[in-house]
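The structure appears right after this line, and notes come after that.
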Amino acid sequence: MILGVARSVFPDGDKKKEEMMPSGQNAPYIDQGNAQAAVDVETRANGELILRSPYACGPAPISTVHLLLERAGQFPDRTLIAEKQGDGWRHLTYQQAVTGCRHVAQWLLNEGASIERPLAILSNSSINHFLMAWGAIFARVPYVPVSVSYSSVPGAYPKLDAVLQRVQPAFIYAEDFTDQQQALQHIDFDIAKTQLLSGSASRPSAVPSWPIVNWEDLMNTPVTDAVDRSIAKINHDTITRYMFTSGSTGMPKGVIHTHGMACEMLASGAGILEGVGLESPRVLDWMPWSHVGAGVMRISSMINAGGAIYLDTGKPVPAEFGKTIENIKSVKPTSFAGAPLGWSMLVDALEADTAFASLFYENIRTMQAGSAAMPASLADRIQALNVKYTGFRFPFATSLASTEVQCGLSRYWVCERTDVTGLPVPGTDIKLVPFGDKYELRVRSKGTTPGYLDDAQKTLESFDEEGFFKMGDAVRFADPNDPTQGLCFAGRVAEEFKLITGTWVAAGTLRSEAVASASPYIRDAVVCGLNQNYVALLLWPNLAACQGLAGTDDPAKIVTSAAVIDAIREGLAAHNVSNPSSSKRFKRFLLLQAPPDPGAYEITDKGYINQGAVQAHRSAEVESLFADVSGSHVVEI
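Now the structure itself:
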């Protein structure tokens, strides 16, 4: 076993904040019971490496249903889910959740629901969504949380059709079908084959003939012992959901999820994290439950902790983030998680409003980041705020997982570097296959999907001969001489491309470096240059950070501001000094005014920028980056 030392210092409780180190880089870390970084490494003759955690998994629940029943017995009156209702919150307690799920389960069993007759949910996260979904899980009926964008953005209707055609649901639930009626009328899937269930008494005006079962009918269904008999048959192999991939490289694929996958995730976490001892953790979450991070991992983890999920009505986009700020003020969460995009918006708000910052830090104890690498400059700003308001730095937890893999890499120890993704969690085998100057990552664990729904060929292609799932991610060691320093994400294998010279370009790595080099003025970047002579960038500016430079909050004026352009050019030029090779050097950039378009698949539900989709949708801008005579808005570095 290779063991690394993870620093975690918690000063005596009577030490006053003013006695703390004033520098964010020197302040101690708050103690969260983090394990030390450790890994066992097996080297093969062909250059492959097998990495395993020396830590043992904790106990695994029988199922997530049994876990919910146990927590409801322990904490019947605690809030499990809360949603906005007027100026306040509507709460669902653990006991109310179990009671509601039993009614839904009984109704589904009465109607002949089964693994061959599953449920699809078209609405966003809500209390009724939870009861509908988990009622299906009680009844051993797989359910499909369909991305809301598929039924709300006309350009995404083909994806809705593809999902429903693949699943063939016997039941479809929506909060209010008036929001979905247009989509359902413009797809080939035969809605007449399904029973429609609604959380609203309203009926779509365009299709008054649709028979719809209302929510009261579900909740008034008498519960028999059939529900308990169903629960008694649940084990780790029982299917809970079909989670569909984002479809960023084609139509979405249905990923089979089982109780065992979620239970293994909880068991692996118990082997490396002692937790922070919170009596009742609270999180504010905007991410839709069609995303595995929120719909499976977040819910399972919060139930395990006896915690509460408050459903955020905002999201990390300029027009919506104000709602998130107001909800933070109301909820005062104990933990905050998000992609770097969301964190950068939060930091802008915290730095600008000391009263809000003081309120935010009243209860915050843990922080997580995911979806993309966090620029070091952004992490420094967060840590400076942490120290200012608490006296401590916070470890940033992160992991590398996917729709198919719930147990992969985790940065579970106190780590100074923000580009480190993690090390294997307990119970997981990681195979590293040499891939140029990095490694292709493959995973084998009980937290990995058994395959894709009705797609044996895709399932076969996704696993190697030893049963390792091919994640499609590239990684490299933070320190080749010390594996305990962890693995760093080095981009998606599919996103790498060659210049006309045949030189490979690591787009994922360069994207992170571009954002970091001109921080805080860049929100996100798209790396271009396939079959070209050089690398160029499409950039979304950080409008909040650029306002001071531009002297305006008008996006059209910000993207043409000489001060903004000069600041970004200076940062990218500094990057070029340290990275002169053609595969790492940026030659030109163009600032984008229009935000990423979900309808063109430029951005996923979780905020991930689809590099290929952006370049296809904005082909004119890409062409201008490589024109012999560059356009007026193209900037030479």
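In full-length UniProt numbering, the protein residues as written are 1 to 637.
Built from N, CA and C at the ideal position, the CB exists for glycine as well.
- A straight-line Cα-Cα distance of about 6 Å links TYR150 and LYS159.
- Around the C-beta of HIS186, fewer than 16 other C-beta atoms lie within 10 Å, and the residue is accordingly described as exposed.
- Residue pairing by DSSP places CYS488 opposite VAL420, ARG476 in a beta bridge.
- Here PRO54 carries a coil assignment [DSSP, helix/strand/coil].
- Within the stretch 252–287, the complete beta strand (DSSP E) segments at least 3 residues long are 254–258, 282–285, listed from N- to C-terminus.
- Taking 9 Å as the cut-off, the beta carbon of LEU453 is found closer than this to the beta carbon of LYS253.
- The straight-line gap separating the alpha-carbon atoms of TRP210 and GLN180 is approximately 13 Å.
- For the pair ARG569 and ARG52, the Cα-to-Cα distance works out to about 43 Å.
- Taking every protein chain shown into account, the CB of GLY293 has 16 or more other CB atoms within 10 angstroms, so this residue is buried.
- For the stretch 140–183, the continuous alpha helix (DSSP H) assignments of 4+ residues that do not extend past its boundaries occur at 149–152, 157–167, in sequence order.
- With respect to the C-alpha of HIS66, the residue from THR509, LEU92, HIS259, GLY607 having the closest C-alpha is HIS259.
- Straight-line measurement puts the Cα of GLU513 at about 19 Å from the Cα of TYR439.
- The Cβ atoms of THR403 and THR459 do not sit closer than 9 Å to each other.
- By the beta-carbon neighbour count (other beta carbons within 10 angstroms, threshold 16), ILE127 is buried.
- Per DSSP, reduced to three states, the secondary structure at PHE189 is coil, with no helix or strand assignment.
- The Cβ atoms of VAL559 and GLN615 lie no closer than 9 Å to each other.
- With contacts defined by Cβ atoms closer than 9 Å, ARG102 and GLY135 form a contacting pair.
- Distance from the CA atom of ASP455 to the CA atom of ASP190, rounded to whole angstroms, is 21 Å.
- Within 10 angstroms of the beta-carbon of TRP504 lie fewer than 16 other beta-carbons, which makes it exposed.
- In the three-state reduction of the DSSP assignment, LEU453 falls in the coil class.
- Contact between ASP524 and LEU341 is confirmed by a C-beta separation of about 7 Å, below the 8 Å threshold.
- One thing to note: ALA613 has its Cβ within 9 Å of the Cβ of GLU602.
- Taken in chain order, the complete beta strand (DSSP E) segments of 3 or more residues contained in the stretch 484–529 are 487–492, 522–528.
- Contact between the stretch 430–444 and the stretch 223–235 is not established, with fewer than three Cβ pairs separated by less than 8 Å.
- DSSP places ASP228 inside the alpha helix (DSSP H), whose first and last residues are 226–232.
- By the neighbour-count definition (other C-beta atoms within 10 Å, threshold 16), ILE303 is a buried residue.
- The three-state secondary structure of ASN34, taken from DSSP, is strand.
- By the criterion of at least three beta-carbon pairs nearer than 8 Å, the stretch 371–388 is in contact with the stretch 23–37.
- When DSSP states are grouped into helix, strand and coil, ALA27 belongs to the coil group.
- Residue state for PRO434 is assigned as strand, using DSSP reduced to three classes.
- Pairing THR221 with GLN106 gives a Cβ-Cβ distance under 9 Å.
- Where GLU636 is concerned, the enclosing beta strand (DSSP E) starts and stops at 634–636.
- Sequence-distant partners of ALA270 (beyond 5 residues in either direction) whose C-beta falls short of 6 Å from its own C-beta, in its chain, are GLY58.
- For ASN124, the three-state secondary structure derived from DSSP is coil.
- Exclusion of the five residues before and after ILE325 leaves ALA349, PHE356 as the residues of its chain whose Cβ lies within less than 7 Å of its Cβ.
- Secondary structure at PRO340: helix, using DSSP grouped into helix, strand and coil.
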